[in-house]
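*Asks:* First residue of the sequence shown: 2, per the working numbering; consecutive thereafter.
Positions of the beta carbon are idealized from the N, C-alpha and C atoms, including for glycine.
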Amino acid sequence: METTLVLLKPDAVRRNLIGQIIARIEAKGYVIEAIDMRSAERLTLEAHYEEHLGKPFYEPLIEFMSSGPVVALQVSGHRVIEGFRTLAGQTDPTVAAPGTIRGDFGRDWGRAVVENLVHGSDSSLSAERELYIWFGESGEPREA
Ligand code: DAT
Ligand code: MG
2 METTLVLLKP DAVRRNLIGQ IIARIEAKGY VIEAIDMRSA ERLTLEAHYE EHLGKPFYEP
62 LIEFMSSGPV VALQVSGHRV IEGFRTLAGQ TDPTVAAPGT IRGDFGRDWG RAVVENLVHG
122 SDSSLSAERE LYIWFGESGE PREA
């Protein structure tokens, strides 16, 4: 059994897509173990996106993720890490396949950072790291 971190990004919240996106995760058969809506602190986002530090889209990415509340979820199931990435689709919503979250709900808005509605951990190592950042060891939400 695996657990992954899913984030519904501020664009998903602003566009009232929380329900439709979570419905896809549930319809696929994965289990929502924890869910928490919050305004992410900058330190949380810096830790989360440390692999992208120094890239041209890094600051716009942190700003975008700070631009409104996000919904953090712990989602479990066999092969859920890979499975949620399949549900999400490719990073660039313009080429993400129809039928995926990013392909169906996303588009290019011509901004410095790609707005693509969701984040999903990309490996078991990332999942462990990111779940700790967002939920802490206990599995309880870490930020108020
Ligand atoms: P993913 O979210 O599919 O794992 P990633 O980890 O490579 O993609 O990048 C993190 C986020 O940063 C991504 O969801 C959107 C944004 N992003 C990635 N590459 C970008 C680029 N070349 N230009 C603008 N934004 C980008
Ligand atoms: Mg990534």
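Quick check on Y133: buried or exposed, where buried means 16 or more other Cβ atoms within 10 Å of its Cβ?
*Replies:* Y133 should be labelled exposed.
*Asks:* So does the stretch 105–113 actually touch the stretch 33–42, counting three or more Cβ pairs closer than 8 Å?
*Replies:* Flag = no, the stretch 105–113 and the stretch 33–42 do not touch.
*Asks:* If we call anything under 8 Å between Cβ atoms a contact, is V119 one with T5?
*Replies:* Not closer than 8 Å, so no.
*Asks:* According to DSSP, simplified to helix, strand and coil, what is H120?
*Replies:* Strand at H120.
*Asks:* Compute the beta-carbon to beta-carbon distance between F147 and L18, rounded to the nearest angstrom, for a pair I have assumed lies under 8 Å.
*Replies:* The structure shown does not extend to residue 147, since the chain is modelled only from 2 through 145, so no value can be given for it.
*Asks:* What do you reckon, is the C-beta of T92 under 7 Å from a heavy atom of the ligand ATP?
*Replies:* For the structure depicted, the ligand ATP is absent and the ligand set comprises only the ligand DAT and the ligand MG.
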